[in-house]
Amino acid sequence: GYQTYYSVDQAQMNETWQMKVVGDTDNTFYQLSVIAPDSPPILGTVAVDASNLAATQVSFQLTSDNRPTRLSIYANPGEISASIPLTVNGTVDTEQVPIFEGSLVAEYEIVDIAELGGALVTKQVDLSNLPSGTYHLWVRADDGVNQPVSAYAEIPSVTAAGVQSVYGTNPVWLAKDDFNPMATVGGANAIVIDHSNDFPTTWTATISHTFDADTRSLYIEWKAHSHPDTDLYRLLFGNSSLNPTQIITVGNSIQEIGENGLATDVEVGFVTLRDIQPGVTYFLMVEGVDTETGNAVRSQEFTFRVEPGTFSLTSAQSTVNVAAGGSATVPVTLNADEALFFPNVWLSSDLGEAAAGITARFVDDVDGLIGINPSNNTRQFEINVDASVPQGTYPITITGYAGDAKETLTIQVVVGEVGAMTEMIYLPVVLR
């Protein structure tokens, strides 16, 4: 058998081809097949009508060999083309190229045969939540096989006056010999969005906070303000209502991460306030700012306070008898009915009113700093009296510190002569 191949370059959709077979067509079997690779999608008649931002109309004609084809619509607030240097045979020249960047506005899976075959399709998108600025919309078609194609949306009247073809007006046809990439920019429609006159004056924010006692820090999180021009947040706080004295600039909000590790549609702002002091009431609010205009709105005020917890120091021997030249040990006990803000109460002793020759220290105190806490609530206090100390009663003051809170315990040291410190027995007095 014989095989004959013919190639057709720049084939147009809906073209009619004819083949004439000459010879014995009655007794000879002929087989005809048309073979070609999938062509990249072709986008034409890409236009946008943004007269109603909340119901913006984006129209296009898509021709694609693959089903489905993903069609995405983006909003670009920046430049739509750029000039780049190009070196040809040692000569440096410049060339204009389109820029396709911006935020995703909408995305569709095109599966309808008619919509994949060049039918005019219109999609409705909401642009009212975009921040103020000038935008150009562009459409991208990706069949998952070939290089995606992109085109900026034009003004409908410009599109109607453009060059018509079977693929629509001003089609983006990458496989075409004379295709000009700048044709994807065309008469791109500039969409101006201005929210400066509708910035809010009040804000009831969704705010949560978590206190970490170990680090003495307060984590604060809030849902982002719904106004699209809000691009900066500040935490304002002080120690009296509606009178903030300190400001922490936080920055913009970010998308919250879900349990699956992926970004959600919820945007949040957050900040950690450190060095929280016990017994202090903090008055806090969040401020949302539009940095372009300086407009700002404050949330409702909320308060935070953590109690220091109360404690006392006691001893089973608040009065102790010590012979001159002797020593004694008394217990010092921490009493706390509730959790303490600080994990330890630090102890110190003051012998300022004791006689020279009396020394005292906490047992196991090696660096002059000893702590006591609810899980280890008793420390032994050792008192030494030199033989030269005269008889008398001498107070030693023990102080416990927990942040700004402090409590004291006084130990009375009764010094007597050697051999004179005997146990005293008190008998009742009977009167007749």
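For the sequence shown, the working numbering begins at 10 and goes up steadily by one. Idealized CB from N, CA, C, for every residue including glycine.
Terminal residues of the continuous beta strand (DSSP E) containing Val116?
Correcting the residue identity first, residue 116 is Glu in this sequence and not Val. Per DSSP, Glu116 belongs to the beta strand (DSSP E) from Ser112 to Ile119.
Residues near Glu88 in its chain [Cβ-Cβ closer than 7 Å; skip 5 each side]:
Ile108
Spell out a yes or no on whether the region 37 to 49 and the region 99 to 115 are touching, meaning 3 or more CB-CB pairs, one atom from each, closer than 8 Å.
In this structure the region 37 to 49 does not lie against the region 99 to 115, because fewer than three pairs of beta carbons, one per stretch, are closer than 8 Å.
Taking just the CA atoms, how far does Tyr403 sit from Ser336?
14 Å
For Pro340, tell me which candidate among Asn75, Val372 and Ala128 has the shortest Cα-Cα distance.
Val372
In DSSP terms, what Leu227 is bridged to:
DSSP, once it has assigned bridges, lists Phe220 and Leu282 as partnering Leu227.
From which residue to which residue does the beta strand (DSSP E) around Ala160 run?
Per DSSP, Ala160 belongs to the beta strand (DSSP E) from Val158 to Tyr161.
Name the DSSP beta bridge partners of Ser358, please?
Ile407
In terms of residues, what are the limits of the alpha helix (DSSP H) holding Glu124?
Ile122 to Leu125
To which residues of the same chain is Gly409 closer than 6 Å at the C-beta, ignoring the five residues directly before and after it?
Leu322, Val354, Leu356 and Glu416
Using DSSP's beta-bridge definition, name the partner residues of Thr417.
Thr408
Flag this pair as yes or no: are the beta carbons of Ala364 and Val331 separated by less than 7 Å?
no
Would you check if the distance between the CB atom of Asp359 and the CB atom of Thr328 is smaller than 7 Å?
For the pair Asp359 and Thr328, the CB atoms are not nearer than the 7 Å cut-off.
Could you tell me the alpha carbon to alpha carbon distance between Met433 and Gly425, rounded to whole angstroms?
In this prediction, Met433 scores a pLDDT of 47, lower than 50, which makes its location untrustworthy; the coordinate-derived value is nonetheless stated afterwards. When rounded, the distance between both Cα atoms is 13 Å.
Going by C-alpha to C-alpha distance, which of Asp121, Leu125, Ser60 and His204 sits closest to Pro165?
Ser60
What distance in whole Å lies between the Cβ atoms of Ser73 and Pro50, which are believed to be in contact at a cut-off of 8 Å?
That pair is a contact at about 4 Å.
Roughly how many angstroms lie between the CA atoms of Asp156 and Asn189, to the nearest whole one?
Just to set this straight, residue 156 is Gln in the shown sequence, not Asp. Their Cα atoms are separated by approximately 16 Å.
Considering only C-alpha positions, which residue in the set Thr224, Asn198 and Pro237 is nearest to Phe208?
Pro237
Just curious, the beta strand (DSSP E) that Met191 is in, first and last residue?
From DSSP, Met191 is part of no beta strand (DSSP E); its letter is neither H nor E.
Where Asp151 sits in the DSSP three-state scheme:
strand
How about Val298 and Leu244: are their beta carbons less than 7 Å apart?
no
Grab the span of the beta strand (DSSP E) containing Leu343 for me, first residue to last.
Ser336 to Asn344
Within the continuous beta strand (DSSP E) that includes Thr54, where are the two ends?
Ile51 to Asp58
How far does the beta strand (DSSP E) with Glu104 in it extend, from its first residue to its last?
Thr100 to Pro107
Tell me whether the beta-carbon of Glu118 lies closer than 7 Å to the beta-carbon of Arg79.
yes
Determine the contact status of Val57 and Leu146, defining contact as a CB-CB distance below 7 Å.
yes
Coarse secondary structure for Leu183, derived from DSSP in three states:
coil
Beta-carbon proximity of Leu271 to Ala150, cut-off 7 Å
no
Whether Glu218 touches Ile229 by CB criterion (7 Å)
With the sequence shown as reference, residue 218 is identified as His, and Glu is not the correct amino acid for it. Their beta carbons are under 7 Å apart, which means His218 touches Ile229 by this criterion.
Which of helix, strand or coil does DSSP assign to Ala197?
strand
Same chain, Cβ closer than 6 Å to Met294, five either side skipped, listed in chain order:
Here the set comprises Leu245, Arg307, Ser308 and Glu310.
Exposed or buried, which one is Leu378 when buried takes at least 16 other CB atoms within 10 Å?
exposed
DSSP three-state call for Asn393: helix, strand or coil?
strand
Can you tell me the Cα-Cα spacing of Glu347 and Glu316, whole angstroms?
10 Å
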